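Participant:
As structure tokens, then:
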């Protein structure tokens, strides 16, 4: 799952799609991995999976991140987050 992280927000929220990324706002600061942990916890809660099932795989120090969600297909992730799923190639 490709994410655009917005740390230091007033509240934690999945803010919808921004291009091909899911925009996620978290109150945690972007220091010491706090924002990454907050994003993973928020995604796990919203997806109904355990925290250990959401893993950061790319971009630990960048706003553009990639998370892996164990046990869910991309279509299931999109449905649970109530967003449009991956587009079929043209």
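Residue numbers (this note's numbering): 262 to 351.
Note that the Cβ used here is the ideal one computed from N, Cα and C, for glycine as well.
Just so you know, these numbers come straight off a predicted model, no measurement behind them.
1) From residue 322 to residue 283, what does the alpha carbon distance come to, in whole angstroms?
2) If you count every other CB in all the chains shown that lies within 10 Å of the CB of residue 349, and 16 or more means buried, which is it?
3) Would you check if the distance between the CB atom of residue 329 and the CB atom of residue 318 is smaller than 8 Å?
4) Residue 307 lies in the alpha helix (DSSP H); which residues open and close that run?
5) Starting from residue 283, follow the alpha helix (DSSP H) in both directions and report where the run begins and ends.
Facilitator: In short:
1) The residue labelled residue 322 in the question sits at position 61 within the chain shown. The residue labelled residue 283 in the question sits at position 22 within the chain shown. So the two alpha carbons sit approximately 17 Å from each other.
2) Here residue 349 corresponds to residue number 88 of the chain shown, with the count starting at 1. Low local confidence applies: a pLDDT of 41 at residue 349 is under 50, so the model's placement there is unreliable, with the coordinate-based value given in what follows. When all chains shown are included, residue 349 counts as exposed.
3) On the chain shown, position 68 is the one that residue 329 refers to. On the chain shown, position 57 is the one that residue 318 refers to. Yes, these two residues count as a Cβ contact at 8 Å.
4) As a working mapping, residue 307 is identified with position 46 in the chain shown. Taken as a continuous stretch (DSSP letters only), the alpha helix (DSSP H) holding residue 307 covers 295-308.
5) Locating residue 283 in the chain shown gives position 22, counting from the first residue. Counting along the chain, residue 283 falls outside any alpha helix (DSSP H), though it belongs to the beta strand (DSSP E) covering 282-286.
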